[in-house]
Amino acid sequence: MCGIFGCVGESDVTNFLIDGLKRLEYRGYDSAGLCIQTEDRNIEVIKSSDSTYPVDVLRKSLEKSKIKSNVGIGHTRWATHGPINNINAHPHFSYSNNISIVHNGIVENYDFLKKFLIRKGVIINSQTDSELIAHMIDLMLCSMGNLESAIFSVSNMIEGNNTVALMYKEIPDSIFGFSTDPSGGLVVGEKDNHRFLSSDSFALEKFCKSVTFTNKDDLVIITKDSLNIIDQNNLPRVPKNINLNKESYIPKNENYDLQTDFIIEKEISEQNHTLKNLINKRMSDKSQDAFPEINRHRLLSSKKIIFTGMGSSYNAAQYGSLLFEDLLEIDTKVEFSSELKNKKIIDPQQTTVFAITQSGETADTIEAIRNTKEQGAYVVSIVEEPNSKAAINSDSYLLLETGKEISVAATKTFSSTLLMINSICMYVASLLGKDNLTIHKVKEDFANIDNNVQKVLDCCDYDYQRVSKFISESEKVFFIGKNLSFPIVKEGSLKIQEISKINSNSFIEGELKHGPNALLDKNTTVVSIIGPGDNIKKSISCLREISSRNANIITISFAGNEESGNEELNELSKYNFVIENNNKYIFPILAVIPLQKLAFMSALNLGLDPDRPQNLAKTVTVE
3 MCGIFGCVGE
13 SDVTNFLIDG
23 LKRLEYRGYD
33 SAGLCIQTED
43 RNIEVIKSSD
53 STYPVDVLRK
63 SLEKSKIKSN
73 VGIGHTRWAT
83 HGPINNINAH
93 PHFSYSNNIS
103 IVHNGIVENY
113 DFLKKFLIRK
123 GVIINSQTDS
133 ELIAHMIDLM
143 LCSMGNLESA
153 IFSVSNMIEG
163 NNTVALMYKE
173 IPDSIFGFST
183 DPSGGLVVGE
193 KDNHRFLSSD
203 SFALEKFCKS
213 VTFTNKDDLV
223 IITKDSLNII
233 DQNNLPRVPK
243 NINLNKESYI
253 PKNENYDLQT
263 DFIIEKEISE
273 QNHTLKNLIN
283 KRMSDKSQDA
293 FPEINRHRLL
303 SSKKIIFTGM
313 GSSYNAAQYG
323 SLLFEDLLEI
333 DTKVEFSSEL
343 KNKKIIDPQQ
353 TTVFAITQSG
363 ETADTIEAIR
373 NTKEQGAYVV
383 SIVEEPNSKA
393 AINSDSYLLL
403 ETGKEISVAA
413 TKTFSSTLLM
423 INSICMYVAS
433 LLGKDNLTIH
443 KVKEDFANID
453 NNVQKVLDCC
463 DYDYQRVSKF
473 ISESEKVFFI
483 GKNLSFPIVK
493 EGSLKIQEIS
503 KINSNSFIEG
513 ELKHGPNALL
523 DKNTTVVSII
533 GPGDNIKKSI
543 SCLREISSRN
553 ANIITISFAG
563 NEESGNEELN
573 ELSKYNFVIE
583 NNNKYIFPIL
593 AVIPLQKLAF
603 MSALNLGLDP
613 DRPQNLAKTV
623 TVE
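Note that this note's numbering gives residue 301 to position 299 of the sequence shown, counting from 1, and the numbers run on in steps of one.
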């Protein structure tokens, strides 16, 4: 999940390098490093692995040293091989110290190549697979005498989807880059007298109006005077420039100035704004015109709908599958992208795939897009980033209107994805002539969702803090729900795992009796979501059983169930969050917000940084 950034220019590029890496920290923040050519053409390396914000450390080091450079490559690391330390931090050097590299990916034939290099007498300094690439290029260069040929040779030797940028001491003022990723691993662009290379387009949005996505096995060569792309036959490839859509950066709104040190808290608070924006764009009275990006013919001719994603996106995909079946009575499947990427689709020409990946850079989902599209399915991606690989590789893409989500844990993008799926449902209903009273009522209720969201956000912080203590002091946390609420309890459990590092699991409510009940005790907290349309009496019966085993209970329920519910829920629960909306399609979107806030506050109770959870990155860019 590492980030790669490189820049060559006629003047100092160190600020460009830092700014580019800062935008790539979402791909990994275990460590960061720079390799720069100084004004006297020596090579200077700066690394940081002892900070939660390693790029900031690099910035301070550069300011202190006052080093200037017109060429450099940088890296943000998410560790896959070897622990987090400066030895394993990038850049890595070859045995001659002539070649320095930064790398994203996993070298799948690592063991074979390591043994090969050791037999050649090469000393391996780190525990990374990345270092081997530098040694292999140096070895091939000695054998072949030509750097381009050496790089092509090594790109054919290493297995897996790998992206590399490198500098060669004997060819100053130059950066070389290649990728073995079929979906393209490098993005290059130009601005004035500077040329850039990166692992994704978001890092270049600040600098370039247009970019070029490289193909698998292309070799990129950038200097202060030129940007060239050649294929393995040494034939030039004419760059196809793609204009960058600038919509992806953080939107300015009334909540962005919230006084907090935490990005995730700002992003949670933005949800009333982002959801309203999406409703205004996608849920108009003219439903049939709401999605001009979608090919109506392909969608309506589809006999099968597949939703796919990973992590939070998978939870949203599961919600999408349940919603389509419930509201539209359309047979729909949900698949993990890591499984779908290798699956054969039955009747692909009559299949529509909705691929959910907020960043648009999730490796498994991009591969699932590629696999299903190659088979002939119609693929629509749902993304926050219009210039992402997912958007570019899909037949169509739908933009979440959230701006760039920076914090690792998905919050505003998750709720917006649920809303996007509801909007697609409204659109399909209109096309199919199912625009009935139920649909109209859903649209009407969605029009005021921002008020509902704000009420949930404004729930007394004292209550959130009090309830979060039950979670942070528990050994185990269970989340239970059913129907449309089940993907929400899965998301709540995931948030607690991600942000708070607490042992958490999610279950269908009825599943508790089939094993999980054995784990209930006074050190367990159970969070139950009871939504409109659920059998409340059955849920209360389940909670009574949980209470009899001394577990702490927290509930999220809806207003208007006084007859059979709220009073007893208040008695059974340590706290009952009441959502002032009884529309079963809207309730899940509102119910996820208390779970986000509880996860955030639980992390604070435990002294953790909720923006930088341990061992995680925003985007999983390796399989």
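No residue lacks a Cβ here, since even glycine has one placed at the ideal position from N, Cα and C.
For clarity, every value in this text was computed on a predicted model and none was experimentally measured.
In its own chain, which residues sit with a C-beta less than 6 Å from the C-beta of THR334, not counting the 5 before and 5 after it?
Position 332 of the sequence shown, counted from the start, is the residue given in the question as residue 334. Counting only Cβ-Cβ distances below 6 Å, and skipping sequence neighbours, we find ILE307, SER323, PHE326, GLU327.
Hey, how far is the Cα of SER145 from the Cα of PRO174?
Indexing the sequence shown from 1 puts residue 145 at position 143. Indexing the sequence shown from 1 puts residue 174 at position 172. Approximately 21 Å, taken between the alpha carbons.
Beta-carbon within less than 7 Å of LYS586's beta-carbon, same chain only, minus the 5 sequence neighbours each way: which residues are those?
Locating residue 586 in the sequence shown gives position 584, where the first residue counts as 1. Result list for LYS586: LEU486, GLY533, PRO534, GLY535, in chain order.
Give me, in chain order, the residues of the same chain whose beta-carbon lies closer than 6 Å to that of SER383; leave out the 5 immediate sequence neighbours on both sides.
Counted from its first residue, the sequence shown places residue 383 at position 381. Cβ neighbours of SER383 beyond the five flanking positions: ALA357, ALA392, ALA393, SER396, TYR399.
Beta carbon of GLU387, beta carbon of GLY362: below 7 Å?
As a first step, residue 387 is located in the sequence shown; it is residue number 385 there, counting from the start. As a first step, residue 362 is located in the sequence shown; it is residue number 360 there, counting from the start. Yes, Cβ-Cβ distance for GLU387 and GLY362 is below 7 Å.
Report the option in LEU188, ILE266, GLY179 whose CA atom is closest to the CA atom of ILE223.
As a first step, residue 223 must be located in the sequence shown, where it is residue number 221. It is GLY179.
Jot down the residue ranges of each uninterrupted beta strand (DSSP E) in the region 532-604, minimum 3 residues, whole runs only, in chain order.
554-560, 577-581
C-beta atoms of GLY35 and ALA91 nearer than 7 Å:
Taking the sequence shown and counting its residues from 1, one reaches residue 35 at position 33. Taking the sequence shown and counting its residues from 1, one reaches residue 91 at position 89. It is a contact, given that the beta carbons lie within the stated cut-off.
Close Cβ partners of ASN284 (< 6 Å) along its chain, the five nearest in sequence each way excluded:
Locating residue 284 in the sequence shown gives position 282, counting from the first residue. The sequence shown places Arg at residue 284, not Asn. Here the set comprises ALA292, SER425.
Own chain partners of SER304 with C-beta closer than 8 Å, once the 5 adjacent residues on each side are dropped:
One-based indexing of the sequence shown puts residue 304 at position 302. Here the set comprises GLN352, THR353, THR354, TYR380.
If we ignore side chains and look at the alpha-carbon of each, how far apart do ASN282 and GLN320 end up?
Here the question's residue 282 lines up with position 280 in the sequence shown. Here the question's residue 320 lines up with position 318 in the sequence shown. The straight-line gap from Cα to Cα measures roughly 25 Å.
Measure how close the beta-carbons of LEU301 and LYS436 come, nearest whole angstrom, since I'm counting them as under 8 Å.
Indexing the sequence shown from 1 puts residue 301 at position 299. Indexing the sequence shown from 1 puts residue 436 at position 434. With a Cβ gap of about 14 Å, LEU301 and LYS436 do not count as contacting.
Pick out whichever of ASP366, ILE371, GLU500, ALA365 has its Cα sitting closest to the Cα of PRO350.
Numbered from its first residue, the sequence shown carries residue 350 at position 348. Ranking ASP366, ILE371, GLU500, ALA365 by Cα distance to PRO350 puts ILE371 first.
Is the Cβ-Cβ distance between SER506 and VAL469 less than 7 Å?
By 1-based counting over the sequence shown, the position of residue 506 is 504. By 1-based counting over the sequence shown, the position of residue 469 is 467. Their beta carbons are not under 7 Å apart, which means SER506 does not touch VAL469 by this criterion.
Opposite LYS193 in the DSSP bridges: which residues?
Position 191 of the sequence shown, counted from the start, is the residue given in the question as residue 193. For LYS193, which the question treats as bridged, DSSP gives the partners HIS196.
Are the beta-carbon atoms of THR214 and ASN236 separated by less than 7 Å?
Reading the sequence shown from its first residue, position 212 is the one you call residue 214. Reading the sequence shown from its first residue, position 234 is the one you call residue 236. Going by C-beta atoms, THR214 is not nearer than 7 Å to ASN236.
What is the DSSP secondary structure of SER201, reduced to helix, strand or coil?
Here residue 201 refers to the residue found at position 199 when the sequence shown is read from its first residue. Coil, per DSSP.
When DSSP builds the beta bridges, which residues end up paired with ARG79?
For this step, residue 79 is matched to residue 77 along the sequence shown. Its beta-bridge partners are SER33.
To the nearest angstrom, report how far apart VAL491 and ASP58 are at their CA atoms.
Position 489 of the sequence shown holds residue 491. Position 56 of the sequence shown holds residue 58. Spanning the two alpha carbons is a distance of roughly 36 Å.
Within the same chain, show all residues whose beta-carbon is closer than 6 Å to that of ILE48, passing over the 5 residues directly before and after it, in chain order.
Position 46 of the sequence shown, counting from 1, holds the residue named residue 48. If we look at ILE48 and ignore the five residues flanking it on each side, its Cβ neighbours are LEU36, LEU60, SER63.
Quick check: the Cα distance between ILE501 and SER228, rounded to an integer number of angstroms?
Locating residue 501 in the sequence shown gives position 499, counting from the first residue. Locating residue 228 in the sequence shown gives position 226, counting from the first residue. Rounded to whole angstroms, ILE501 to SER228 spans 45 Å at the Cα level.
Just mark GLY313 as buried or exposed, buried being the case when its beta carbon has 16 or more other beta carbons within 10 Å.
In the sequence shown, the residue the question calls residue 313 occupies position 311. Flag for GLY313 reads buried.
Which same chain residues, not among the five before or five after LEU19, have their C-beta less than 7 Å away from its C-beta?
Residue 19 sits at position 17 when you count from the first residue of the sequence shown. If we look at LEU19 and ignore the five residues flanking it on each side, its Cβ neighbours are PHE7, CYS9, LEU36, GLY74, GLY76.
Nonlocal neighbours in the same chain, by C-beta distance under 6 Å from PRO615, ignoring five residues either side
Position 613 of the sequence shown, counted from the first residue, corresponds to residue 615. Excluding sequence neighbours, PRO615 sits near VAL410, GLU500, ILE501.
Which residues mark the beginning and the end of the alpha helix (DSSP H) in which CYS144 is found?
Sequence index remark: in the sequence shown, residue 144 carries index 142 (1-based). Counting along the chain, the alpha helix (DSSP H) containing CYS144 begins and ends at 132-146.
Please tell me whether, using a cut-off of 6 Å, the distance from the CB of GLY179 to the nearest non-hydrogen atom of the ligand ADP is below it.
Of the ligands one can find in the structure shown there are none, so the ligand ADP has no counterpart to examine.
Following the continuous beta strand (DSSP E) through ALA357, name the residue where it begins and the one where it ends.
Translated into positions along the sequence shown, residue 357 becomes position 355. Where ALA357 is concerned, the enclosing beta strand (DSSP E) stretches over 353-358.
In three-state terms, what does DSSP make of PRO294?
Here residue 294 is taken as the residue at index 292 of the sequence shown, counted from 1. PRO294 falls in the coil class under three-state DSSP.
Proximity below 7 Å, CB of ILE558 to CB of ALA601:
Here residue 558 refers to the residue found at position 556 when the sequence shown is read from its first residue. Here residue 601 refers to the residue found at position 599 when the sequence shown is read from its first residue. Not a contact, by the Cβ cut-off of 7 Å.
Residue range of the alpha helix (DSSP H) that includes LYS664:
Residue 664 lies beyond the residue range present for the chain, which begins at 3 and ends at 625; the question has no answer from this structure.
Taking a contact to mean a Cβ-Cβ separation below 7 Å, would you say ASN158 touches GLY107 in this structure?
Taking the sequence shown and counting its residues from 1, one reaches residue 158 at position 156. Taking the sequence shown and counting its residues from 1, one reaches residue 107 at position 105. Cβ distance not < 7 Å, so ASN158 and GLY107 don't count as in contact.
Assuming ASN438 and SER476 are in contact, meaning their beta carbons sit under 8 Å apart, how far apart are those beta carbons, in whole angstroms?
Mapped onto the sequence shown, residue 438 falls at position 436. Mapped onto the sequence shown, residue 476 falls at position 474. Contact doesn't hold; Cβ gap of about 44 Å is too wide.
Hey, is the region 182-192 in contact with the region 121-140, meaning 3+ C-beta pairs nearer than 8 Å?
no
Exposed or buried, which one is GLY11 when buried takes at least 16 other CB atoms within 10 Å?
Against the sequence shown, residue 11 aligns to sequence position 9. So GLY11 counts as buried.
Start and end residues, beta strand (DSSP E) containing TYR170
By one-based count along the sequence shown, residue 170 stands at place 168. It spans 164-170 - the beta strand (DSSP E) in which TYR170 sits, taken as one unbroken run.
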